[in-house]
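Protein chains in written order, with this note's numbering: chain A, 437 to 1250; chain B, 407 to 637.
Glycine is no exception: its CB is placed at the ideal position from the N, C-alpha and C atoms.
The next block holds one structure in the form of structure tokens; read it before the comments.
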Amino acid sequence: MRWSSFIKIAFRNILLHRGFSLVSLIGLSFGIAIALLVLAYVDYETSYDTHYPESEHIYRLVSHGMIGDDTIQSALTPQPLAQVASGFNGVKASSRLVPGTRKLVKSNYARFNEPYFFYADNGFFHVFEIPFLIGNPTEVFNDTNSVVLSRSASQRFFGTRNPLGEELTLDNGLVLKVTGVYYDLPENTHLRADFIANWQIIESRMEESLKDEYPKWINNWFALNTYTYLRLSEDVSIDSLENYINTESGKLSRIYFNDFAVGMDVDYEKMTVRAKVQPISDIHLSTHLDHEIQKGASSTYVSVFAGIAIFILVITAINFMNLTTARAARRFKEIAIRKTFGAGRRHLVLQFFIESVLFCFLALGLALVFMELFFGRFTELFDISMGHSSFINQISFGWVLLITLLIGVIAGSYPSFFFSGLRAEKVFKGQMRTHRWGIIIRGILVAFQICIAVALMSVSMAMHNQLNFLKSAPVGYNPENLIVIEREYALGAQSDSVKQLLLSKDEIESVSSVHFVPGDETSIMSYKNVSDTAQVVLMATNMVDAHFFKTIGARLAKGRWFEEQDYADSSLVVINESAARMLGFNQLENCKLELIGSGLATEQLVLNVIGVIKDIHYESLKNQVRPMVFMQHFQGARSEHLLVKFKKGSMEVGIHKVEEVWTSVLPEEPFVYFNQIDKLDELYREEYRFARIGLILAFIALVFAILGLIGMVSFVVQSKSKNMEISRMLSASSPLILVGTFRGVSGYIFAGILSSLLISPLVIDYWLSGFYYSFTPSGYCLIIPLVFMSIVSFLTVYLVGIRVFKSVVKKSES
Amino acid sequence: MNNFMIHTRNLVKVYRNGFVETPALSNVNLDVGKGEYVAVFGPSGSGKTSLFNILGLLDNPTSGEVFFMGREIGSLPERQRTRIRRGNIGFVFQHFNLVDELTVQENIELPMIYHNLSLKERRYRLMEAMERFRLSHKRHEYPRQLTNLQQQTVALARSVVFNPGLLLADEPTGDLDSASGTEIMELLSMVNEHGIAVVLFTHSLREAQKAQRMVQVFDGHIVTQGSQGLI
């Protein structure tokens, strides 16, 4: 009975005070919606790779070590490492995995460029117990040329047909037979695989091509080229496992080194690579190694998001509490009546908690409708993928209900204990007075909210300025009017004739073959400075043709570029300024490098440096430019990309003509290209995303600050209504009454704004410290949000104040 | 003492505001018998409301003793006073003090939701009260839809619905015209006839004369008390 009475009165209160209830409801549902969205995102990010059965027992081996003076931290391991690890008691299964490069895959029914293609050995489906739709995971790799695919890949290539026994042809000539189909992996895995082919194919092909050198390849301890995964028993000590692997692999690598480094003046101690064991659930957030299959997310950003979600929830609850108690006077009489007729304090506490929780659940309903309708738009705005198009499917309702209940309890706590402590006889006498600390607490809260809003606006402005700076900063080449065509190797022997054909077009300025374009993760190789045999260095390595530097618009610092006639001499290389600086190559006379560690060269490869180019930013400006070696693209080598530089203003027409040429030469091959400027933007995707989120959060903080101000203004008017009435009777003008009433409020507004001046520069500096190259923040980043917030705050105070004041006047007149 | 509904001895109430002390009641000795109809009358500021609050267990005296149904309650904490008040004392106020968000029926029912009464019992008492005060046709209306007389009638019905031993009425006709005031006074008499002790607090001698016994207060003192003829 009591409960129904409380619920009834809660609903009636909402309906009777529609305007105020609507403001509270919108504020609350807005806060809940945003917080839930952020929490769902945090949950999505933190649950990466946890969907595999017994995922807590799945680990990955990674490499940490030194090559010369350079530290190496790579997700890749030497190929023989899995074999060594499987010798440890407690390793239930091990698996090697290598990604195939982007492949054109053909079936009898369809053809697609497939980026998620991997080769794995038999142990893979013992480590990852992926559920199969068709086929038996223990038997799918019985045949050397077998491949299993995800359900979506099967649908892409075979539609509704049974894919078992069907053939897939790769662009490297391999013909694979489908032996199984597994359910699609969720999106939040670091291992997004649509095709997993049998590892034995690689081995047999390498054996075929390397012949006598094959044992050297298969036992190479210094080439990091394989991802290694383990499934462990429950009681395995990770330290013991690491010790075992490193002891055993140390022995084998020493044997290999002695064999491989014969005649080379290289110190083994300077070429040590040690394995570390890493839980797969740590891959996405906790480690940021070179050569990750998929770029991980920043755990700092995710923690910041989690903090923001909690912050939003607390502020939402407090704001709601503020708005509830701001107009407490209208509840005083009811409380006094209830107390008079026997309501105990616990009855009233319960009543206000019920009201608060009920209101929160109403707001939750509204928030869910809101999120379901705008989920897609939000994920787009936040640039996040959560694997579902529906918010409802994304969230755990247990958590949502708990969170809502928590907000209700937090929001209901103050009214419950404050209201239930009222003395009936004082209320009937009209002796209820607002405590001074009620205003002070609200004031501090408003100041805090304003401070956060201004700080977020400032930081957001700084972020956008930094991104503009990055966009306009010189990157050592000219990305404009430059497109990159993928799979240049498909042209094969026709490559040169196609280039000539393209160059004959009026719109095209230059054409070039290149392995890695700026924005790609390049190969890292170890080199020795021939004039200083003790200096072993790691350098990014690229393969380009003679036209690359001109096509990309690089600038020469010393020496010369490659020329057409240099093709015959594969020992010639060009390096960048960072490499020259590191190697101490001030002059180009007798600057020689020795490539080490390939393990395949039958003789040492000594390289002559013929030129030094100004640094090109292959990575984002967050990082310092890596030392880089440009080798010549030798005959027969596979080239990944074809660069085409258009004349100014001719790009649109030019692309069409390039496509015509491509399709005329390769009618069966898809023409896939991207604009290099887009690739450059891709480098800052995370920063763009964060800047966008910063802007959204600034807006949210602004809304909360306004709601806080509304609550405070209502509270102040209520507490000073008597003074206002007296002032009015003494013929004071309305503006004068408002100024007198809200003088204190403006103090809190200024306190909030001014304290943001202390916080904003610190946050901006912290964020910019993550960039190697950054802009110098100007005062505008601080002043503009400050002025904007001042205007919004005082406008809110004036508009709400005048409205509430009028209602007070009306009431006193009636 | 057990025959008294309420009994006070040397009751003193002093309000303190900072360093300022304002005496409201001085050495008040008052007895209200079970089923008695007593009128406490006096001008504004005489101490009627202070006495009302103490007799209604809404406030504690500064000193002196208050016995409610034989039990000393003057120094009890609020929680215990609430428990005693619940089900034993009904209240009628000058400004009706109905809950605006509740209907007539719900307002009358309000005191019973804090009792452990069965639903059947609550329903029965509710129906009975609404019939007795002729409010059945207004049961679903809100206070704002009623006349002042109707509102005070609802307040009266609410105060006796749980059949208390004592009804305290503080200027119950203060917001009513004279005809409505007369009706309310008649209803108070009717309540008293049902065995409920009524203490009427009023500034009107004419209204006080309706009671069996009158107590005149002035400046916090009881100056006279007795039957109509005596005063």
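Contact under 8 Å by Cβ, residue i with residue j
| i | j | result |
| --- | --- | --- |
| His951 (chain A) | Glu1076 (chain A) | yes |
| Lys818 (chain A) | Arg1125 (chain A) | The residue you asked about is not Lys; residue 818 (chain A) is Phe in the sequence shown. In contact: Phe818 (chain A) and Arg1125 (chain A) (Cβ atoms closer than 8 Å). |
| Pro514 (chain A) | Leu627 (chain A) | no |
| Ile1046 (chain A) | Leu1008 (chain A) | yes |
| Phe410 (chain B) | Phe473 (chain B) | yes |
| Ala1127 (chain A) | Ala889 (chain A) | no |
| Ala471 (chain A) | Ala745 (chain A) | yes |
| Ser734 (chain A) | Glu1000 (chain A) | no |
| Asp1002 (chain A) | Ser948 (chain A) | no |
| Gly778 (chain A) | Gly493 (chain B) | yes |
| Ser450 (chain B) | His609 (chain B) | yes |
| Leu604 (chain A) | Gly571 (chain A) | no |
| Gln636 (chain A) | Thr574 (chain A) | no |
| Ala860 (chain A) | Ala799 (chain A) | no |
| Glu1013 (chain A) | Ala990 (chain A) | no |
| Arg528 (chain B) | Met536 (chain B) | no |
Neighbour list for residue i in chain B, Cβ cutoff strictly below 7 Å
| i | result |
| --- | --- |
| Thr861 (chain A) | Looking at the sequence itself, residue 861 (chain A) is Glu, so the reference to Thr does not match. Simply Asn459, Leu464 and Asp465. |
| Thr776 (chain A) | Leu464 and Phe497 |
Residues bridged to residue i (per DSSP)
| i | result |
| --- | --- |
| Asp956 (chain A) | A:Pro954 |
| Phe474 (chain B) | B:Ile412 and B:Arg477 |
| Pro429 (chain B) | B:Val420 |
| Gln509 (chain A) | A:His500 |
| Met620 (chain B) | B:Ala445 and B:Gly632 |
| Leu464 (chain A) | Leu464 (chain A) is not bridged to any residue. |
| Phe1068 (chain A) | The identity of residue 1068 (chain A) in the sequence shown is Gln, whereas the question assumes Phe. Beta-bridge pairing links Gln1068 (chain A) to A:Val980. |
| Gly439 (chain B) | B:Phe410 |
| Phe497 (chain B) | B:Leu574 |
| Asn1111 (chain A) | A:Ile919 |
| Ala556 (chain A) | A:Leu533 and A:Asn634 |
| Arg529 (chain B) | Bridge partners of Arg529 (chain B): none, in fact. |
| Asn1044 (chain A) | A:Leu1008 and A:Lys1028 |
Residues that residue i contacts on chain B, provided the C-beta gap is smaller than 8 Å
| i | result |
| --- | --- |
| Lys1257 (chain A) | It is not possible to answer for residue 1257 (chain A), since the shown part of chain A is limited to 437 through 1250. |
| Arg454 (chain A) | In chain order: nothing, as chain B lies at least about 13 Å away. |
| Arg448 (chain A) | Glu507 and Leu508 |
| Glu770 (chain A) | Val505, Asp506 and Glu507 |
| Ile773 (chain A) | Asn503, Leu504, Val505 and Leu516 |
| Phe788 (chain A) | Here the premise fails: no neighbours, minimum Cβ distance about 14 Å. |
Any non-hydrogen atom of the ligand MN within 7 Å of residue i CB
| i | result |
| --- | --- |
| Ala575 (chain B) | Annotation note on the ligand MN: not contained in the displayed structure, which lists no ligands. |
Under 8 Å by beta carbon: chain A residues contacting residue i
| i | result |
| --- | --- |
| Thr428 (chain B) | The premise fails here: Thr428 (chain B) is roughly 13 Å from chain A at the closest Cβ pair, so nothing lies under 8 Å. |
| Arg485 (chain B) | Gly780 and Arg781 |
Chain-ordered chain B contacts of residue i [CB-CB under 9 Å]
| i | result |
| --- | --- |
| His783 (chain A) | Ile519 and Tyr520 |
| Ser832 (chain A) | Simply none; closest approach about 36 Å. |
| Ser441 (chain A) | Leu508, Glu512, Glu515, Leu516 and Ile519 |
| Phe795 (chain A) | Chain B residues near Phe795 (chain A): none, gap ~15 Å exceeds 9 Å. |
| Phe854 (chain A) | None at all; the shortest Cβ gap to chain B is about 15 Å. |
| Ile445 (chain A) | Val505, Glu507, Leu508 and Glu512 |
Partners in chain A for residue i, counting only beta-carbon separations shorter than 9 Å
| i | result |
| --- | --- |
| Gly493 (chain B) | Gly778 |
With a cut-off of 8 Å, do at least 3 Cβ pairs link the stretch 567-581 of chain B to the stretch 591-603 of chain B? Because the criterion of three Cβ pairs below 8 Å is met, the stretch 567-581 of chain B and the stretch 591-603 of chain B touch.
Segments assigned beta strand (DSSP E), at least 3 residues, entirely inside the stretch 979-1005 of chain A: Entirely contained in the stretch 979-1005 of chain A, the beta strand (DSSP E) runs reaching 3 residues are, in chain order, 992-995.
State whether the stretch 1083-1100 of chain A contacts the stretch 932-948 of chain A, with contact taken as three or more CB pairs (one from each stretch) at a distance under 8 Å. Output reads yes: the stretch 932-948 of chain A touches the stretch 1083-1100 of chain A.
Can you list, in chain order, the stretches of the beta strand (DSSP E) that have 3 or more residues and sit fully within the stretch 591-616 of chain A? Qualifying beta strand (DSSP E) stretches, in chain order: 603-606.
What beta strand (DSSP E) runs, 3 residues minimum, are completely inside the stretch 698-755 of chain A? The stretch 698-755 of chain A contains these whole beta strand (DSSP E) runs: 709-715.
For the 8 Å Cβ check, are there 3 or more pairs between the stretch 1135-1144 of chain A and the stretch 748-764 of chain A? As far as the Cβ criterion goes, the stretch 1135-1144 of chain A touches the stretch 748-764 of chain A, which means the pair count is three or higher.
Count Cβ pairs between the stretch 554-567 of chain B and the stretch 477-485 of chain B that sit closer than 8 Å; are there 3 or more? Judged by Cβ distances under 8 Å, the stretch 554-567 of chain B makes no contact with the stretch 477-485 of chain B, as fewer than three pairs qualify.
Between the stretch 686-696 of chain A and the stretch 543-563 of chain A, can you find at least three pairs of beta-carbon atoms closer than 8 Å? Segments in contact, no.
Note down, one range per segment and in chain order, each alpha helix (DSSP H) of at least 4 residues found wholly within the stretch 758-806 of chain A. Whole alpha helix (DSSP H) segments, 4+ residues: 765-776.
Give, in chain order, every unbroken run of the alpha helix (DSSP H) that is at least 4 residues long and sits entirely within the stretch 619-698 of chain A. You should have 636-646, 650-654 and 674-696.
Should the stretch 921-936 of chain A be regarded as contacting the stretch 1100-1107 of chain A, the criterion being three or more beta carbon pairs within less than 8 Å? Contact between the stretch 921-936 of chain A and the stretch 1100-1107 of chain A is present, because at least three Cβ pairs lie under 8 Å.
Quick test of the definition: if touching needs 3 or more C-beta pairs under 8 Å, does the stretch 529-547 of chain A touch the stretch 588-603 of chain A? Under the Cβ criterion (8 Å, minimum of three pairs), the stretch 529-547 of chain A counts as touching the stretch 588-603 of chain A.
Would you be able to state if there are at least three C-beta pairs under 8 Å between the stretch 612-630 of chain B and the stretch 438-446 of chain B? Here the stretch 438-446 of chain B makes contact with the stretch 612-630 of chain B; the two share three or more CB pairs at distances below 8 Å.
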